[in-house]
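Enquirer: Taking this note's numbering, the leading residue of the sequence shown gets 9, the next gets one more, and so forth.
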Amino acid sequence: MQTDAVLAIAHHLLVFALAMVLASEAMLVRPQISAADAIKVARIDIAFGILAGLILVVGFGRVYFGIKGPDYYWHNPFFHAKLGAFLLVGILSIWPTIRFLRWRAAFGRDAAFVPPTSEVEKIRKFIHLELVVFFLIPVFAALMARYGS
């Protein structure tokens, strides 16, 4: 029981931290982004990747070491929906991550570099889509917890 509680607490805190990181990216990525903000968003995006990895590790820890056990999760359609939404957020984040790394390198070569407005707007659309899909995750989590009860 104690292992289950620790895993659940860690999982929830990591998910809330990921939400904060995603919201920070949404606030920082805007037309005429400054060099400082572009470098900041690249660093924040690294935190996004680390948190996502930790969420998967702790989440699968819950599946295999939690009270409900793997049978509960693997036979639960909402678990698959939640995992699918999480993976979709990760897939959607790939293109912005690549752009952020390129911006960081461009600012390193030329302090006057300004990312193209069209690219910034496209990244903003990706981040907003990530947020929409991300907010499905707690919906699926609530449905998952009630499945079969």
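Glycine is no exception: its CB is placed at the ideal position from the N, C-alpha and C atoms.
For GLU138, which option in PHE148, THR125, MET152, LEU96 has the closest C-alpha, if you only look at C-alpha atoms?
Expert: LEU96
Enquirer: Specify, as a first and last residue, the run of the alpha helix (DSSP H) that ILE102 falls within.
Expert: Unbroken alpha helix (DSSP H) run through ILE102: 85 to 117.
Enquirer: State the CB to CB distance for the pair PHE108 and PHE115, rounded to an integer number of angstroms; the pair is presumed to be in contact (CB under 8 Å).
Expert: In fact, because the Cβ distance is near 11 Å, the residues do not count as touching under 8 Å.
Enquirer: Let me know the secondary structure DSSP gives LYS76 once reduced to three states.
Expert: Coil at LYS76, not helix or strand.
Enquirer: Once DSSP output is grouped into helix, strand and coil, what is the label at ILE41?
Expert: ILE41: coil per DSSP, three-state reduction.
Enquirer: By Cβ distance, which residues of its chain are closer than 7 Å to LEU62, with the 5 residues on each side in sequence left out?
Expert: LEU22
Enquirer: Less than 9 Å separating the beta-carbons of GLY92 and ALA60?
Expert: no
Enquirer: In terms of residue numbering, what span does the alpha helix (DSSP H) encompassing PHE121 cover?
Expert: Per DSSP, PHE121 lies in no alpha helix (DSSP H) and is assigned neither H nor E.
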